[in-house]
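Participant: Pasting in a structure now, in structure tokens, and then I'll have a few things to ask.
Residue numbers (my numbering): 67 to 351.
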């Protein structure tokens, strides 16, 4: 297990009249290189869970593991090292911009880790290149003068400047138009498949990401309701509907075709896959 939890429980404001249990007895494991979805309706505990994975929150009970070690948060230096290896991108990360230029925004983390001069410049240039932003065009621009999609890419570049092994995203498509979403998920596919990064996404929307994932966790009321491979979880249409999650429309169509007597696979998450499956059915007949 590369990253995961054992009987993780989290209570906000414990011991007070306002105590609220957000997570209860969550146990799971993710392997290196996995692309994992954490699903659940709003309020199910997704954000609380991912904030434990890089030490932003401490468990009320249970443990969090990374690379065979327990994340305990007892030493500041250990947490700094952890956050270099596990990058967390918040729901609308550009709201946390505070630098005057794109260069300074992406350079902030490397500078705080002690890098200077050419080393910082190389890290900024590399990170911007990885997200498809030309350093010659963007480094001197003000972050708030960029489009929503470009802002999101700068936020991701700021994380990539640390050269992490894990990328975690909380509802990553919030505020992005359709073109921005396509660009974003193309990047994630490349980071995962080509560069071997472990990717974890917390979301309640499946349309864009179902075809990318190989592992799925489903939360309900702070508990782990389902976990397994993408094929296993997305084959449970009725249970997912009960948990307030809708499959991608193309998957629903394949289910309907199957239930009406056509022997097609239901674990289909994109139009291209559906086209191949239906064309294959025609050839078999």
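Where a beta carbon is used, it is the ideal one built from N, C-alpha and C, also for glycine.
1) Going along the chain, which residues of its own chain have a beta-carbon closer than 6 Å to the beta-carbon of residue 101, five neighbours each way excluded?
2) Which residues in the same chain have their Cβ closer than 6 Å to the Cβ of residue 189, if we skip the five residues on either side of it in sequence?
3) On the premise that residue 246 lies in contact with residue 214, defined as a C-beta separation below 8 Å, what is that separation, rounded to the nearest angstrom?
4) On a CA-only basis, which of 197, 192, 155 is nearest residue 238? Give me that one, please.
5) Does DSSP put residue 269 in a helix, in a strand, or in coil?
6) When the Cβ atoms of the stretch 123 to 139 are set against those of the stretch 292 to 307, are three or more pairs found closer than 8 Å?
7) On a Cα-Cα basis, can you pick out the residue from 252, 81, 92 that is closest to residue 275?
8) Counting C-beta neighbours from all protein chains within 10 Å, is the total for residue 171 16 or more, i.e. buried, or is it exposed?
9) Report the rounded CA-to-CA distance for residue 173 versus residue 72, giving the unit in angstroms.
10) Return the chain-ordered ranges of every beta strand (DSSP E) run that is complete within the stretch 125 to 187 and spans a minimum of 3 residues.
11) Distance check for residue 152 and residue 311, CA to CA, integer angstroms please.
12) What beta strand (DSSP E) runs, 3 residues minimum, are completely inside the stretch 92 to 127?
13) Anyone know if the C-beta pair for residue 270 and residue 90 falls short of 7 Å?
14) Rounded to whole angstroms, what is the Cα-Cα separation between residue 109 and residue 133?
15) Buried or exposed: residue 114, going by 16 or more other Cβ atoms within 10 Å of its Cβ?
16) For residue 347, which residues from the same chain have a beta carbon less than 8 Å from its beta carbon, with the 5 sequence-adjacent residues on both sides left out?
17) Could you spell out where the beta strand (DSSP E) holding residue 235 opens and where it closes?
18) For residue 73, does the three-state DSSP call read helix, strand or coil?
19) Counting Cβ pairs, one atom from each stretch, are 3 or more of them under 8 Å apart for the stretch 176 to 186 and the stretch 158 to 166?
20) Is it right to say residue 79 is buried, meaning 16 or more other beta carbons lie within 10 angstroms of its own, or is it exposed?
21) Just to confirm before moving on: does the CB-CB distance between residue 233 and residue 263 stay below 7 Å?
22) Let me know the beta strand (DSSP E) ranges lying completely inside the stretch 195 to 256, each 3 residues or longer, listed in chain order.
23) Which whole-angstrom value is the C-beta distance of residue 167 and residue 118, which I expect to be below 8 Å?
24) Going by C-alpha distance, which of 93, 95, 77 is nearest residue 87?
Facilitator: In short, the structure shows the following:
1) 258, 265, 278, 279, 280
2) 176, 227
3) 6 Å
4) 155
5) strand
6) no
7) 252
8) buried
9) 35 Å
10) 127 to 132, 152 to 155
11) 28 Å
12) 101 to 105
13) no
14) 29 Å
15) buried
16) 328, 329, 330
17) 232 to 236
18) strand
19) no
20) exposed
21) yes
22) 232 to 236
23) The pair is not a contact, with the Cβ atoms about 33 Å apart (cut-off 8 Å).
24) 77
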